[in-house]
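Visitor: Sharing a structure with you now.
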Amino acid sequence: MSQLQTSEARNSGLTLQKVKSHGSFKVLVAYVLAVLIFIAGQIISPGFGEFSNIMNVLNISALLGFIALAQMLVVLSGGEGIDLSVGAMASLGAVMSSQIIGGLDGNLPLAVFVVLAVGFLIGCVSGIGISYFKVPPLVMTLAMASVIQGAGLVYTNGQPKGMASPLLKELGTGRTAGIPNLVFVWIVLAAIVALFLTRTKWGKLLYGLGTNRLTTELSGVRTRVVRTVVYGASGAISAISGMMLLSYTGTAFLDIGATYMLPTIIAVVIGGIALTGGLGTYNGTVAGAILLTSLSSILITLNISEGGRQIVYGIILLLLLVAYGRQKTT
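Numbering follows our numbering, in which position 252 of the sequence shown is assigned residue number 232; successive positions increment by one, without gaps.
Below is the structure:
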């Protein structure tokens, strides 16, 4: 082999290593697997790979992607952070939105404000417990999930009322040029998150906190405040995601977001977010959400029950954790 060929091979290897180290390889794999699932689905059930069905899958993927953003921020912040309350918070956001809106577009601004505020405050409670009282994240957020579910029961008296307004329904079920409106919202959200994580002080603090909390703290950053705000943001995003669920379903029910807890973790891990924190992007989480929703869609096509799908999700999560979920952030 010539010196030039050796140099090219070395450079190629370094480039691939760099891509893998930044999680881009896993993101690419997720997208490729999603495409393969659609191809397999088309073979198994003709029509599965048609444009209309792909758009349906992307629409549902967006709903998962919204809630998975909340999970991603917590995981990215490190400290063994996983938020087990995202599903419960989405449910509360949905029932609150439904009752405040009551089918009227004029009530939308108030609903958005209240849902974001309540979600942020509840999330901050989790953050305070974790950051200041050293309660393990899994324990704290699991307990808060129970509190949130109870709050939803008290708030609705067990019977959620109201419905989405016409404008909100159009957002959740309408299409522009054949593409679901929620997908456009998701694209804009992904761009905003990318800019936030790479171009803002808070984004850099988040990566720094996840990579090395002690170093970040020694540099003068109030890490406990940052982590509390991260959990607050997770609560707010989960709650407003509940409003997005309402836009899709039209009406809310008490456990509308309950099934999203495990899928958000899987989507985050599939997308290359290190469970140790400090590594990954929202683009990866988007890829994970699309892959997971595609898989769920083909399982439904194969008449696999909800219980069966949950088993599959659990197995996938275990395999991902064994494969690379505990990767180092260095």
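No residue lacks a Cβ here, since even glycine has one placed at the ideal position from N, Cα and C.
Classify Q51: buried if its beta carbon has 16 or more other beta carbons within 10 angstroms, exposed otherwise.
Guide: Numbered from 1 along the sequence shown, position 71 holds the residue referred to as residue 51. So Q51 ends up on the buried side.
Visitor: Got a sec, what are the start and stop residues for the alpha helix (DSSP H) E197 sits in?
Guide: Numbered from 1 along the sequence shown, position 217 holds the residue referred to as residue 197. Element bounds for E197: R193 to L198.
Visitor: Taking the alpha carbon of P26 as the reference point, which residue from L297, L282, T178 and Q139 has its own alpha carbon closest?
Guide: Residue mapping note: residue 26 aligns to position 46 of the sequence shown, counting from 1. Measuring from the Cα of P26, the nearest candidate turns out to be L282.
Visitor: Counting only the same chain and skipping the five closest in sequence on each side, list residues whose C-beta sits under 6 Å from that of I110.
Guide: Here residue 110 refers to the residue found at position 130 of the sequence shown. The residues are P117 and M120.
Visitor: Please report how far the alpha carbon of A68 lies from the alpha carbon of Y293, in whole angstroms.
Guide: Within the sequence shown, residue 68 is the residue found at index 88, counting from 1. Within the sequence shown, residue 293 is the residue found at index 313, counting from 1. A straight-line Cα-Cα distance of about 19 Å links A68 and Y293.
Visitor: Looking only at its chain, what residues have a beta carbon closer than 8 Å to the beta carbon of I246, apart from the 5 residues adjacent to it on each side?
Guide: Residue 246 sits at position 266 when you count from the first residue of the sequence shown. Cβ within range, chain order: G268, L272, Y293, I296, L297 and L300.
Visitor: Measure the CB-CB distance between S71 and G222 and report whether it falls below 8 Å.
Guide: As a working note, residue 71 is residue 91 in the sequence shown. As a working note, residue 222 is residue 242 in the sequence shown. Cβ distance < 8 Å, so S71 and G222 count as in contact.
Visitor: On a CA-only basis, which of T153, F233 and T208 is nearest N137? Give me that one, please.
Guide: Reading the sequence shown from its first residue, position 157 is the one you call residue 137. The shortest C-alpha separation from N137 is found at F233.
Visitor: Can you give, in chain order, each stretch of the alpha helix (DSSP H) that sits fully within the region -4 to 37 and has at least 4 residues?
Guide: Counting only runs of 4 or more, we get 4 to 24.
Visitor: Out of I220, S32 and G212, point me to the one whose CA is closest to C104's CA.
Guide: Numbered from its first residue, the sequence shown carries residue 104 at position 124. Of the candidates I220, S32 and G212, the one whose C-alpha sits nearest the C-alpha of C104 is G212.
Visitor: Just checking my contact of T244 with M143 at CB under 8 Å: how many whole Å lie between their CB atoms?
Guide: By one-based count along the sequence shown, residue 244 stands at place 264. By one-based count along the sequence shown, residue 143 stands at place 163. So it is not a contact: roughly 26 Å between Cβ atoms.
Visitor: Pull up the DSSP beta-bridge partners for P160, would you.
Guide: Reading the sequence shown from its first residue, position 180 is the one you call residue 160. DSSP output for P160 lists R155 as bridge partner(s).
Visitor: If we count Cβ pairs, one from each stretch, closer than 8 Å, do we get three or more for the region 144 to 153 versus the region 75 to 85?
Guide: yes
Visitor: Please give me, in chain order, every unbroken run of the alpha helix (DSSP H) with length at least 4 that falls completely inside the region 191 to 245.
Guide: 193 to 198 and 203 to 229
Visitor: Hey, V249 and L242: beta-carbon distance below 8 Å or not?
Guide: Here residue 249 corresponds to residue number 269 of the sequence shown, with the count starting at 1. Here residue 242 corresponds to residue number 262 of the sequence shown, with the count starting at 1. Result no, Cβ atoms of V249 and L242 do not sit closer than 8 Å.
Visitor: Determine, using beta carbons only, whether S78 and L226 come nearer to each other than 8 Å.
Guide: Your numbering for residue 78 matches position 98 in the sequence shown. Your numbering for residue 226 matches position 246 in the sequence shown. In contact: S78 and L226 (Cβ atoms closer than 8 Å).
Visitor: For W166, count neighbouring Cβ atoms within 10 angstroms of its own Cβ and tell me buried if that reaches 16, exposed if not.
Guide: Against the sequence shown, residue 166 aligns to sequence position 186. For W166, the number of other beta carbons within 10 angstroms of its own is at least 16, and it is reported as buried.
Visitor: Does the separation of the CB atoms of V266 and G45 fall below 8 Å?
Guide: As a first step, residue 266 is located in the sequence shown; it is residue number 286 there, counting from the start. As a first step, residue 45 is located in the sequence shown; it is residue number 65 there, counting from the start. Yes, the Cβ-Cβ distance between V266 and G45 is below 8 Å.
Visitor: Quick check on this structure: which residue in M224, T153, R289 and V210 has the alpha carbon closest to the alpha carbon of D63?
Guide: Counting from 1 along the sequence shown, the entry for residue 63 is found at position 83. When only C-alpha atoms are compared, the closest one is V210.
Visitor: Do G61 and G183 have their C-beta atoms closer together than 8 Å?
Guide: On the sequence shown, residue 61 is found 81 positions in, with the first residue counted as 1. On the sequence shown, residue 183 is found 203 positions in, with the first residue counted as 1. Contact: no.
Visitor: Just to confirm my understanding: we take G29, look at its own chain, exclude 5 residues before and 5 after, and list those with CB closer than 7 Å. What are they?
Guide: Taking the sequence shown and counting its residues from 1, one reaches residue 29 at position 49. Excluding the 5 residues flanking it on each side, G29 has same chain C-beta neighbours closer than 7 Å at F18, I19, G21 and Q22, in chain order.
Visitor: Measure from the C-beta of L101 to each C-beta in chain B and report whether the shortest distance is under 8 Å.
Guide: Among the chains of the structure shown, chain B does not appear; only one protein chain is present.
Visitor: From this set, K114, F100, L88 and Y112, which residue's C-alpha is nearest I128's C-alpha?
Guide: Taking the sequence shown and counting its residues from 1, one reaches residue 128 at position 148. Ranking K114, F100, L88 and Y112 by Cα distance to I128 puts F100 first.
Visitor: Among the residues of its own chain, which have a CB less than 6 Å from the CB of G190, if the five just before and after it don't count?
Guide: Counting from one through the sequence shown, the residue named residue 190 turns up at place 210. Spatial neighbours of G190 in its own chain (CB-CB distance under 6 Å, excluding positions within 5 residues in sequence) are listed in chain order as L56, S57, G58, G257 and G258.
Visitor: Quick check for students: name the residue ranges of the alpha helix (DSSP H) that lie wholly in the region 47 to 134, counting only runs of 4 or more.
Guide: Within the region 47 to 134, the complete alpha helix (DSSP H) runs of at least 4 residues are 66 to 81 and 88 to 111.
Visitor: Where P89 and M76 are concerned, what is the direct C-alpha to C-alpha distance, given to the nearest angstrom?
Guide: Locating residue 89 in the sequence shown gives position 109, counting from the first residue. Locating residue 76 in the sequence shown gives position 96, counting from the first residue. Those two C-alpha atoms are separated by around 13 Å.
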